[in-house]
Amino acid sequence: MLPYMTAGLPTPSHSVELFTAMANAGADGFEVGIPYADPLMDGPTIQAAGDRALEAGSGVRVGLDILEEVVSTAGKPSVVMTYVNPILRMGIDDFADRVATAGGSAVIIADLPVDEAEVFTAAFNRRGIGLVLFIAPTTTEERLERVVGANPPFIYCIADLGVTGQRATASDHIEELVARVRQKTDTPIVAGVGISSPEQANVAARVADGVIVGSALVREVLDASDAAGAAAALYSAVAAYAAAVRRTSTN
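If you read the sequence shown in our numbering, its first letter stands for residue 453, the second for the next number, and so on.
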């Protein structure tokens, strides 16, 4: 179970506490979101989280500092989630260097199509970092083969079309989508987008190798009255998701 959290929530000085709470609750690793003012893939919840984190002083460099603290404190594999523009402003090589020194395992670039990934993949691979690529229900067989051929550390299967956000019901697409990928590769598959309850996470975990939960957890932080309350709420929520994902081994 890989929880997503925006780096810098509720403030940069308290952010690592949230990741520690999630690690203690059973998270297997993290998706560390770099706050960005124009997050095209993200819905209202993560947009609000990014705005709050930016206002509190977070950003690319602060977010990567938080990543380094998370890796050293929580001791869990951590994947950076960001967009193309922040990387280009920092410089692809400088960004890759900083992720590597921070101990990041991989990078997700939400608005990067596989057609334009080569220069990023090369920079990351030189530093032992993977570039995660996406598959959606609308992905053609040709593009699926291109994603597989790029040899990502894992393939991010978008469970439900649209921006990130909470959904009332489980995806109707995830089983078929994962089956399509399995026919072509044994690369690990992680499902995300719209997974909003432990029950939905359980359904996704029956076919995928991992599950990412984002907006539902970020909402817990946005609704909390203080940092301690946010950490406590995250601990309870992640414990429930982790238990639901692991139930698949006994089903």
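Here a beta-carbon is modelled for each residue, glycine too, at the ideal position from N, C-alpha and C.
Only a predicted model underlies this, so the values are computations on that prediction, with no experimental measurement involved.
Residue i, DSSP secondary structure in three states
| i | result |
| --- | --- |
| A643 | strand |
| L462 | The sequence given here places Pro at residue 462; Leu does not occur at that position. If DSSP states are grouped into helix, strand and coil, P462 belongs with coil. |
| F572 | helix |
| A685 | helix |
| I486 | coil |
| V690 | helix |
| P650 | helix |
| V659 | coil |
| M533 | strand |
| P496 | helix |
| R699 | helix |
| D638 | coil |
| M474 | helix |
| P538 | helix |
| M457 | strand |
| V468 | helix |
Proximal residues to residue i (C-beta, below 6 Å), its chain only, five neighbours per side dropped
| i | result |
| --- | --- |
| V523 | S530 and G555 |
| L516 | R550 and A554 |
| V690 | P455, M474, A477 and A479 |
| G614 | Note that G614 scores 49 on pLDDT, short of 50, meaning its location in the model is unreliable and no value can be drawn from it. |
| A676 | A682 and A685 |
| E707 | This structure cannot settle anything about residue 707, because the visible part of the chain is limited to 453 through 703. |
| P605 | A558 and G582 |
Cβ distance (whole Å) where residue i is taken to contact residue j below 8 Å
| i | j | result |
| --- | --- | --- |
| L519 | D480 | 17 Å between Cβ atoms; not a contact. |
| A683 | L470 | 6 Å |
| V670 | T458 | 6 Å |
| A611 | G644 | 6 Å |
| I607 | T639 | 6 Å |
| C609 | V633 | 7 Å |
| M533 | V512 | Not really, about 12 Å apart at Cβ, beyond 8 Å. |
| V566 | R595 | 6 Å |
Closest by C-alpha distance to residue i, when choosing among the options
| i | options | result |
| --- | --- | --- |
| V697 | E594, P650 and E597 | P650 |
| P589 | R579, I626, R658 and A574 | I626 |
| F586 | R699, Q652, A562 and M457 | A562 |
| L564 | L492, T458, D546 and E597 | L492 |
| G666 | H466, D494, T463 and S467 | D494 |
| V484 | D490, L461 and A500 | L461 |
| A489 | T497, L506 and R632 | L506 |
| R699 | A656, Y687, H466 and F547 | A656 |
| N603 | F482, T592, A558 and I664 | A558 |
| Q635 | E593, I664 and Q652 | E593 |
| P538 | V566, A569, P496 and P487 | P487 |
| E692 | A679, A653, A569 and I641 | According to the sequence as given, residue 692 is Ala; it is not Glu. Cα-wise, what sits closest to A692 is A653. |
| E568 | A552, D546 and Y535 | Y535 |
Own chain partners of residue i with C-beta closer than 7 Å, once the 5 adjacent residues on each side are dropped
| i | result |
| --- | --- |
| A694 | M453, A477, G478 and A479 |
| V468 | I518, E521, V522 and T525 |
| I544 | V571, F572 and A575 |
| V659 | I626, E627 and V630 |
| A500 | L674 |
Contacts around residue i, its chain only, beta-carbon distance under 8 Å, and the 5 residues preceding and following it disregarded
| i | result |
| --- | --- |
| G509 | G460, T463 and P464 |
| V514 | A459, G460 and P464 |
| R578 | A548 |
Below-8 Å beta-carbon distance, residue i vs any chain D residue
| i | result |
| --- | --- |
| E651 | Absent from the structure: chain D. Only one protein chain is present. |
Completely contained alpha helix (DSSP H) runs for the segment 542 to 586, where each covers 4 or more residues: For the segment 542 to 586, the continuous alpha helix (DSSP H) assignments of 4+ residues that do not extend past its boundaries occur at 544 to 554 and 570 to 577, in sequence order.
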